[in-house]
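For reference, the structure is listed below as structure tokens.
Residue numbers (my numbering): 42 to 279.
Put into structure tokens, the structure is as follows:
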């Protein structure tokens with residue numbers, strides 16, 4: 042499934058699974074007057090159509106290794122052009138296929154789901170949810186008491202999430218090709234600040250903020266998206 046959303050400036054962002062990327066590039070060229078430029082700096086692959094439309098492909102868990110030949114100049118005859126879609130796209134796909142196992146950490150609203158994915162499929166997981174008291178409109182001492190109680194509950198749930206990460210991911214940290222984060226950024230920051238997770242800090246990461254409360258089915262969805270390629274398309278007149 043290809044995800045699509047508008048971005049500032051009149052462009053659009055799509056999220057394309059790796060098995061559909063070559064076909065997407067071919068359709069992009071067919072819609073926009075061919076492929077006039079194809080290049081990469083290791084972090085972004087740039088594809089410009091003959092009509093000026095620009096597609097910027099972000100490299101998940103980058104950078105990807107590049108060389109001086111990974112460029113397609115005007116007219117599609119630049120050095121290093123390989124086959125129909127060029128070396129930069131092939132290098133991106135090779136990079137994604139070489140990552141192997143990925144660690145998954147989802148945290149939001151007192152819930153967490155942690156797992157390991159291979160080729161977009163969860164192979165190991167642990168999911169739990171702790172009670173987190175709702176906010177109250179009461180004022181004064183009562184409001185302060187509720188705030189303290191909620192703060193204590195949040196701290197306990199985040200400590201539980203960190204314990205799960207320690208149990209599931211830390212023992213295999215050296216075998217992971219990257220780390221996929223999802224949910225509330227503040228909660229994720231607090232969990233990853235646990236010194237026991239220092240071995241995970243060196244892994245390349247990507248973050249999905251647009252996920253609901255972590256559940257096993259959500260973990261499966263994030264795993265399926267873990268290798269998808271984000272592409273921002275800027276119109277020709279931008």
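Using N, Cα and C, we set each Cβ at its ideal position, and we do this for glycine too.
How far does the alpha helix (DSSP H) with residue i in it extend, from its first residue to its last?
i           : result
residue 67  : 62-72
residue 231 : 226-233
residue 258 : 257-266
The beta strand (DSSP E) that contains residue i, what's its start and end?
i           : result
residue 270 : 270-275
residue 102 : Counting along the chain, residue 102 falls outside any beta strand (DSSP E), and DSSP gives it neither H nor E.
residue 90  : 85-90
residue 94  : It is not in any beta strand (DSSP E) - residue 94 carries neither H nor E in the DSSP assignment.
residue 156 : 152-159
residue 240 : No beta strand (DSSP E) contains residue 240, which DSSP labels as neither H nor E.
residue 164 : 162-170
residue 47  : 44-47
residue 77  : 76-81
residue 56  : 53-57
Please tell me whether residue i and residue j are closer than 9 Å, where the distance is taken between their beta carbons.
i           : j           : result
residue 154 : residue 259 : yes
residue 226 : residue 250 : yes
residue 145 : residue 218 : no
residue 247 : residue 211 : no
residue 257 : residue 163 : yes
residue 159 : residue 102 : no
residue 107 : residue 83  : yes
residue 94  : residue 252 : no
residue 47  : residue 170 : no
residue 215 : residue 240 : yes
residue 56  : residue 44  : yes
What distance in whole Å lies between the Cβ atoms of residue j and residue i, which are believed to be in contact at a cut-off of 8 Å?
i           : j           : result
residue 284 : residue 271 : Because residue 284 is not part of the residues shown, which for the chain are 42 to 279, the question remains open.
residue 90  : residue 79  : In fact, because the Cβ distance is near 10 Å, the residues do not count as touching under 8 Å.
residue 143 : residue 62  : With 8 Å as the limit, residue 143 and residue 62 do not qualify as a contact, their Cβ atoms being about 18 Å apart.
residue 99  : residue 85  : 6 Å
residue 52  : residue 245 : Between residue 245 and residue 52 the Cβ distance is about 25 Å, and since that is not below 8 Å, they are no contact.
residue 133 : residue 105 : 6 Å
residue 49  : residue 161 : Not quite, the Cβ-Cβ distance comes to about 29 Å (not below 8 Å), so this is no contact.
residue 199 : residue 228 : 6 Å
residue 129 : residue 269 : Incorrect: roughly 17 Å between the Cβ atoms, too far for contact.
residue 151 : residue 195 : 7 Å
>> So within the region 123-149, which uninterrupted alpha helix (DSSP H) runs reach at least 4 residues, ignoring any that extend past its ends?
In response: 128-139
> Okay, do the region 147-163 and the region 204-214 touch, 3+ Cβ pairs below 8 Å being the bar?
Replying inline: yes
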